[in-house]
Structures are given as structure tokens and as C-alpha cells.
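Below: the structure, in C-alpha cells.
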Amino acid sequence: MGLNAPNSKYFCLYCECESNIRWDMNLKWPINKNTQSKKKPKLFPVIKQKNYIPDELHLLLCISDVLMECFFNDLFKKKEFEWVIKSQIEQTMKSIQVHFEFFKSQGEKWDWTSLMGPDKKKVLQHFPVTNFISGRRGEDIQKLWRNFYDLYMFIRQTDLKDSEIDDFEIKVKEWIYLFCRPNQGQINLSSQVPGLYRKEDVTPIEKKNHNQVQLFFGGTTMGGGIKGKSVVQDIMEFENRQLFYLLNNTSQEIQIRNINVEDKENNN
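Oh and the sequence shown: position 46 is 656 in the numbering used here, straight run, nothing missing.
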């Protein structure tokens, strides 16, 4: 697309909103092109902007990682986490058919199994957050998980009406307002509604899929890697092989055959 990175000042594909004011959802930006962030010619100029497709898998992985990290950080603060809560969460994950474990990484910090897309959808849809965080906070966090799952499934639909898209925009804003909700009301009063998450609660680190790293980044990528090829070329060659197997109905399973050498000699 020839634009700067998503973390640049002008980050959007469709407007010229600046990164330092993107938090203000009351502002309206006309849907057009981003000329401020143009850096290089487009790699595929034949693909029109209206045909750009959002990477919904990347969206799912990033946001679900943030939701799970914020949820677990709440639980890590509890004294009984290591002896009680840890095993309860692992058993609950098992009950929804998701393999999940906690473990301590370097520095004695808690880490957890990095889940694939299908497992993350199960967690967002079925994991009972309110079993581990009680009260209004637990209900709101579970609502964030369920509503994000609904929003994600919506953007995967092929045919959408204008009214549905407008309704989707409203629901997305409501979701963001809930996620970023500050403390409401006077401190130390029973009527106070506690906030949910702050900017410092979110770690700007994306966990890479282990299989992807192993397949395309397993060796060093310096100087074009061990084979002297770019990662992009490796990925395209891998996809081309998959297409070849698909189009030519090539078996992707290994069939084991036993050959008796003695019988062959006798036949000769």
C-alpha cells in the first residue's frame, strides 16, 4: 500500500486522523485516502482501495491477547492464585476443550500457553469470567469477551447492509467505552462505579504464533536468512506449494507400504 507503519503519526488507510487524537471518537473523518502517510509506490496498484480486506485473524489474536492478559493480571494479584486459582482456570479451560497451562518464565513471572485462533474463539465465547472475578467488574469483563466475539463474527460475514454497518459502528464504540471506562462517582462511596482498564494495563507486545515463527523465522533472518531468501519469498513459496497440492488433488498423507524382498526375489 506504500504507507508508513501502523504506529506512525498518520496510521489509517482511509483517513488522515493523527495518532495523538485517535482516542477522541466524537471526531468525524471523511473516508478517503491517506496522503499524509504515503511513503512508497503501491506494491499491487491493480488492487483498489475499496477491495482491501481487514485481517480479521490478526485482529482476533491481538485483542484476545490483551483481554486475557488484563484478566490474568487481575488474578495474579491474589494470594491464592498459585495454589487454588491456577488449577481452577486450567480445569475450566479443559472443560471447554482448550489445552491451557500456566508456567513461570524467566524472572519468575507467570506466563501461559499461547492459544491458536479456534481456541481463542472458544475462550471468548464460553469461558466463565464471573467464576473468578465477582461483582460488577467480573460481569463487565465477561461482557467485553462475549461482545468482542460477536463483533468479530460480524466482520467475517460476506453480505452486510448499510444499516448493519452503522449498528456495528455503534457497538464498537460502546465496547471501547466499556473497556476504557474510568472510575465514576465519588471515591469511597457505595455508589461509585470502578473503572476497568487503563493505558498502562495493556502491554504493547504481540505474541507470535509458535508454528509461524518456527516455519518462517526459525533460523536467523539477517542477510536474507540461511537460504539467502527473504521471509516474504519463503511464505509465497509455501503458499504456492499448498495451492499446487490443492489444484492437483495431491495426497498430503504419507502411506506406509511394506515390501517383502524375499518374495520379490522368488518371483524373479
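The C-beta atom is built at its ideal place from N, Cα and C for all residues, glycine as well.
Close-in-space but distant-in-sequence residues of the same chain around H736 (CB under 8 Å, 5 per side omitted): Here residue 736 refers to the residue found at position 126 when the sequence shown is read from its first residue. Cβ within range, chain order: I706.
With 16 other Cβ atoms within 10 Å as the buried cut-off, status of F848: The count along the sequence shown starts at 1 and reaches residue 848 at position 238. It counts as exposed.
For E803, the residue or residues it bridges with in DSSP: The residue you call residue 803 lines up with position 193 of the sequence shown. Per the sequence shown, residue 803 should be read as Val rather than Glu. V803 has Q794 as its beta-bridge partners, per DSSP.
Sub-8 Å separation of E666 and Q646 beta-carbons: Within the sequence shown, numbered from 1, the residue matching residue 666 stands at position 56. Within the sequence shown, numbered from 1, the residue matching residue 646 stands at position 36. No.
Identity of the residue in F621, Q659 and L671 nearest Y762 by Cα: Start at 1 with the first residue of the sequence shown, and residue 762 comes out as number 152. When each option's Cα is compared against that of Y762, the closest is L671.
Reference K643; option with closest CA among K660, P655 and Y624: Residue 643 sits at position 33 when you count from the first residue of the sequence shown. The residue among K660, P655 and Y624 with its C-alpha nearest the C-alpha of K643 is Y624.
K660, enclosing alpha helix (DSSP H) - first and last residue: One-based indexing of the sequence shown puts residue 660 at position 50. Counting along the chain, no alpha helix (DSSP H) covers K660, and no H or E run does either.
CB of I775 within 8 Å of CB of F681, strictly: Residue 775 sits at position 165 when you count from the first residue of the sequence shown. Residue 681 sits at position 71 when you count from the first residue of the sequence shown. 8 Å or more divides the Cβ of I775 from the Cβ of F681.
Minimum C-alpha distance to R791 - residue among P804, K781 and I780: Translated into the one-based positions of the sequence shown, residue 791 becomes position 181. Comparing Cα positions, the closest option is P804.
Limits of the unbroken alpha helix (DSSP H) element including D729: Walking along the sequence shown from the start, residue 729 turns up at place 119. Here the alpha helix (DSSP H) through D729 covers G727 to H736.
Cα-Cα separation between K696 and P728, rounded to whole angstroms: Taking the first residue of the sequence shown as 1, we reach residue 696 at position 86. Taking the first residue of the sequence shown as 1, we reach residue 728 at position 118. About 22 Å.
E700 beta carbon less than 8 Å from that of E711: Position 101 of the sequence shown, counted from the first residue, corresponds to residue 711. Position 90 of the sequence shown, counted from the first residue, corresponds to residue 700. When the beta-carbon positions are compared, E711 and E700 come within less than 8 Å of each other.
Assigned secondary structure, W720 (DSSP; H/G/I helix, E/B strand, else coil): Residue 720 sits at position 110 when you count from the first residue of the sequence shown. DSSP places W720 in the strand class (E or B) of the three-state scheme.
Top-ranked residue by Cα proximity to S759, from K730, C622 and I743: As a position in the sequence shown, residue 759 is number 149, starting the count at 1. Looking at the sequence shown, residue 759 is not Ser but Tyr. With distances taken between Cα atoms, Y759 lies closest to K730.
Buried or exposed by the 16-neighbour rule on C-beta atoms within 10 Å, applied to L734: Against the sequence shown, residue 734 aligns to sequence position 124. Buried: at least 16 other Cβ atoms inside 10 Å.
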